[in-house]
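Encoded as structure tokens, the structure appears first; notes follow it.
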Amino acid sequence: MLSEATTDPEEAEADGTPATSPTQECSSIEDLFEGSVFSAPAADAVRRLIVIDGCNVARSSCGPSRDNVNCGGLMTVIRWFLVRNFEVVAFLPVIYNNNYNTNAVSVQVLPKLEELGVVTFTPARTARGERRAFINYDDLSVFHHHTYVQF
């Protein structure tokens, strides 16, 4: 604790506590926040890449029901990583890049995100069977991109 630190070196040797003052400790903590601990990575640093399963993130941002895909929520997550100097790639099934899809909310942001290169659309097809559903390949695309990305 800061109150237990002593300034007398002889007392410090006797009881094993450090011989520093509380002001010295506080200034070193302040130095951490002002120093290179929280600065942007260097040019030769290892690439920080985030690969996002856009469908899962967009569904989760709609709330507990997960009925719709909220593209605005996906944009918020992408922005959070971009502001922190991460490279971001999000994969989203092409069926959500449609203004007439009633399951997608805020789809007007998708063309701009695609233009910026942070969203990639993956193929999807209609399943054959009793229940009409879409089979998406976004999970496979996320895995493929993660496997073959060059560092």
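The sequence shown runs 1 to 151 under full-length UniProt numbering.
Idealized CB from N, CA, C, for every residue including glycine.
Identify, in the order they occur along the chain, each residue of the same chain with its Cβ nearer than 8 Å to the Cβ of residue i, setting aside the five sequence neighbours on each side.
i, result
"I78", "I52, V88, A90, L113, V118 and V119"
"L82", "V88 and V118"
"T76", "S61"
"N98", "A104 and V107"
For the beta strand (DSSP E) that residue i lies in, which residues bound it at each end?
i, result
"L49", "L49 to D53"
"V89", "E87 to P93"
"T102", "That residue, T102, is in no beta strand (DSSP E); it is neither H nor E in DSSP."
Under three-state DSSP, which class holds residue i?
i, result
"T23", "With a pLDDT of only 44 at T23, under 50, the local geometry of the prediction cannot be trusted, and no value is derived from it."
"N70", "strand"
"L32", "With a pLDDT of 45 at L32, under the threshold of 50, the modelled position of this residue cannot be trusted; read the value that follows with caution. L32: helix per DSSP, three-state reduction."
"S141", "helix"
"residue 161", "Residue 161 is absent from the model: the chain starts at 1 and stops at 151."
"V118", "coil"
For residue i and residue j, I'd like the C-alpha separation in whole angstroms.
i, j, result
"N85", "D44", "14 Å"
"I95", "I50", "23 Å"
"V109", "S60", "17 Å"
"P103", "R48", "The sequence given here has Asn at residue 103, not Pro. Cα-Cα distance, rounded: 32 Å."
"L140", "E115", "22 Å"
What span of residues does the alpha helix (DSSP H) with residue i cover, start to end?
i, result
"P111", "L110 to E115"
Between which residues of its own chain and residue i is the CB-CB distance below 6 Å, once the five residues before and five after are set aside?
i, result
"C62", "N68 and N70"
"L74", "G54, V57 and A58"
"R66", "R59"
Which residues in the same chain as residue i place their Cβ atom closer than 7 Å to its Cβ, once the five residues preceding and following it in sequence are excluded?
i, result
"S106", "N70, C71 and G72"
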